[in-house]
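Read the sequence shown against UniProt numbering and you will find it ends at 351, with the numbers running on by one and no gaps.
Cβ atoms here follow ideal geometry from the backbone N, Cα and C, with glycine treated the same way.
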Amino acid sequence: MSNKFGFVIPDLWVQCPWPAIFHPNGAAIEAESDRWILSHCPNNQASLLRILPSLRSGALAAFCYNNCSDERFRLVCDFIAVLFLLDDITDELDTMDNDLFRDIITNALIDPTSYRPGMTNGKEHPAEEPDASRVVRDLWTRICAVTGLPVQQRIMKGLQEYFGAVRLQAERRSSGEIPSWEVYIEHRRLSSACRPLFALAEAGLGIELPEEVVEHPLMAKMRNYTNDWVAISNDIFSFRFEYARNDDHNLIAVMMKKYNLDIQSAVDRVADICGDALSKYLEAKAQFPSYGPEVDAQIQSFLHILQSWMSGNLAWSFVTPRYLGEKRLEIKEHRWVDLSEETLKEIRVEA
1 MSNKFGFVIP DLWVQCPWPA IFHPNGAAIE AESDRWILSH CPNNQASLLR ILPSLRSGAL
61 AAFCYNNCSD ERFRLVCDFI AVLFLLDDIT DELDTMDNDL FRDIITNALI DPTSYRPGMT
121 NGKEHPAEEP DASRVVRDLW TRICAVTGLP VQQRIMKGLQ EYFGAVRLQA ERRSSGEIPS
181 WEVYIEHRRL SSACRPLFAL AEAGLGIELP EEVVEHPLMA KMRNYTNDWV AISNDIFSFR
241 FEYARNDDHN LIAVMMKKYN LDIQSAVDRV ADICGDALSK YLEAKAQFPS YGPEVDAQIQ
301 SFLHILQSWM SGNLAWSFVT PRYLGEKRLE IKEHRWVDLS EETLKEIRVE A
């Protein structure tokens with residue numbers, strides 16, 4: 001093993017104190033969600049039929065939102081499927097096309113009743129509605145029907161921050177800029193899409209946390225530290241996939257290129273940052289004040305989802321072959337990630 005090129009995944013399971021719990025009806029609702037997105041994407045059915053069975057976005061939802069009712073969980077499942085669709089589309093776009101795509105999706109959120117082509121930077125939107133707009137309008141209509149305006153606004157704000165981060169990512173990809181690790185983490189909090197996904201927890205639970213709870217500095221810290229743990233640990237699992245595509249939007253790549261660390265040292269440093277984020281989350285949670293029995297119960301349900309994101313994303317990384325491929329269960333056992341040229345060629349073919 002020492003003669004091969006790759007790295008050992010640090011023991012993140014030791015860091016994470018919460019069990020990975022799967023939603024009781026997660027598998028059945030995941031299948032319903034897959035059928036829904038296929039039915040609303042006639043122009044992308046071939047690629048979706050290839051991607052969906054291996055992506056298992058519904059399984060990620062089932063691990064992370066395991067305390068939601070079936071009806072609400074379906075909304076969550078659809079939302080995560082749509083986010084993966086948007087993420088895969090924007091990964092292939094340059095800055096200008098990202099702006100156009102962002103405006104199309106924003107218009108779908110502002111007015112989900114119908115598609116109205118507009119213009120971005122002097123470029124007209126397609127006359128025929130893109131599949132992504134169609135699924136967003138359908139989903140957002142259903143979310144708005146069961147949530148209040150404050151929750152809708154929190155989800156919308158998170159999505160706008162995500163689109164802004166995707167644009168910056170495209171700019172950095174074009175310029176070859178490698179940020180410091182601190183700047184990268186600030187950006188990763190937005191590009192991970194965790195912010196709208198955490199706001200979605202309220203919709204999934206059927207609650208609306210008081211503004212003073214949502215805006216409390218300790219609650220903001222808990223969201224950020226959860227975001228850091230999820231996004232940065234995901235960088236460890238996804239590095240194999242991104243390395244094969246020469247994609248530097250990964251903290252391991254930042255550590256290697258900006259700070260001249262070898263690959264294992266970079267991975268270990270990233271794992272240390274994960275551990276620090278989790279410790280800070282626990283500190284903030286221990287200091288969080290009480291708001292009375294009813295609100296406290298809602299807060300605990302919300303924090304359960306944040307904690308399930310940490311354990312759930314860890315578990316999902318070995319359910320989906322998206323990042324670790326067909327040998328993911330072997331990798332889970334021995335934790336060795338092979339980055340030999342032969343393996344990289346296989347990844348490029350799969351992608």
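Fill in: Whole-number beta carbon distance between aspartate 34 and leucine 52, since they are thought to touch under 8 Å
Contact flag correct, Cβ pair sits at about 5 Å.
Worksheet item: In three-state DSSP terms, what is threonine 343?
Response: helix
Fill in: Own chain, CB closer than 7 Å to methionine 156, minus 5 neighbours either side, in chain order
Leu109
Practice prompt. Consult DSSP for glutamate 129 and reduce its assignment to one of helix, strand or coil.
Written response: Under the three-state reduction of DSSP, glutamate 129 is assigned to coil, being neither helix nor strand.
Fill in: Whole-angstrom C-beta distance between leucine 12 and cysteine 274, which should lie under 8 Å
Taking a contact as a CB-CB distance under 8 Å, the pair cysteine 274 and leucine 12 counts as one, their CB atoms being some 7 Å apart.
Fill in: Ordered list of alpha helix (DSSP H) runs contained in the segment 141-211, each at least 4 residues
149-175, 181-191, 194-205
Discussion item. Spatial neighbours of proline 17 within its chain, please: C-beta separation below 6 Å, excluding the five flanking residues on both sides.
Written reply: none
Worksheet item: Closest by CA to alanine 277, which one among Pro293, Gln300, Leu306, Leu55?
Response: It is Leu306.
Discussion item. Among the candidates Val213, Tyr225, Arg240, Val267, whose CA atom is the shortest distance from the CA of proline 289?
Written reply: Val213
Item to complete: Look at isoleucine 29 and aspartate 91 and say whether their C-beta atoms are less than 8 Å apart.
Response: no
Fill in: At least 3 beta-carbon pairs within less than 8 Å: the segment 217-225 vs the segment 84-104
no
Fill in: Cutoff 8 Å; reference serine 2; Cβ partners in own chain excluding five residues on either side
Here serine 2 scores only 46 on pLDDT, less than 50, and its place in the model should not be relied on; the value that follows carries that caveat. The answer is none, since no qualifying residue turns up.
Practice prompt. Counting only the same chain and skipping the five closest in sequence on each side, list residues whose C-beta sits under 8 Å from that of glutamine 287.
Written response: Leu218
Practice prompt. Assuming isoleucine 347 and phenylalanine 241 form a contact by the criterion Cβ under 8 Å, report the distance between their Cβ atoms to the nearest whole angstrom.
Written response: 6 Å
Worksheet item: Could you give the uninterrupted runs of the alpha helix (DSSP H) lying entirely in the segment 90-123, keeping only those of 4 residues or more?
Response: 95-110
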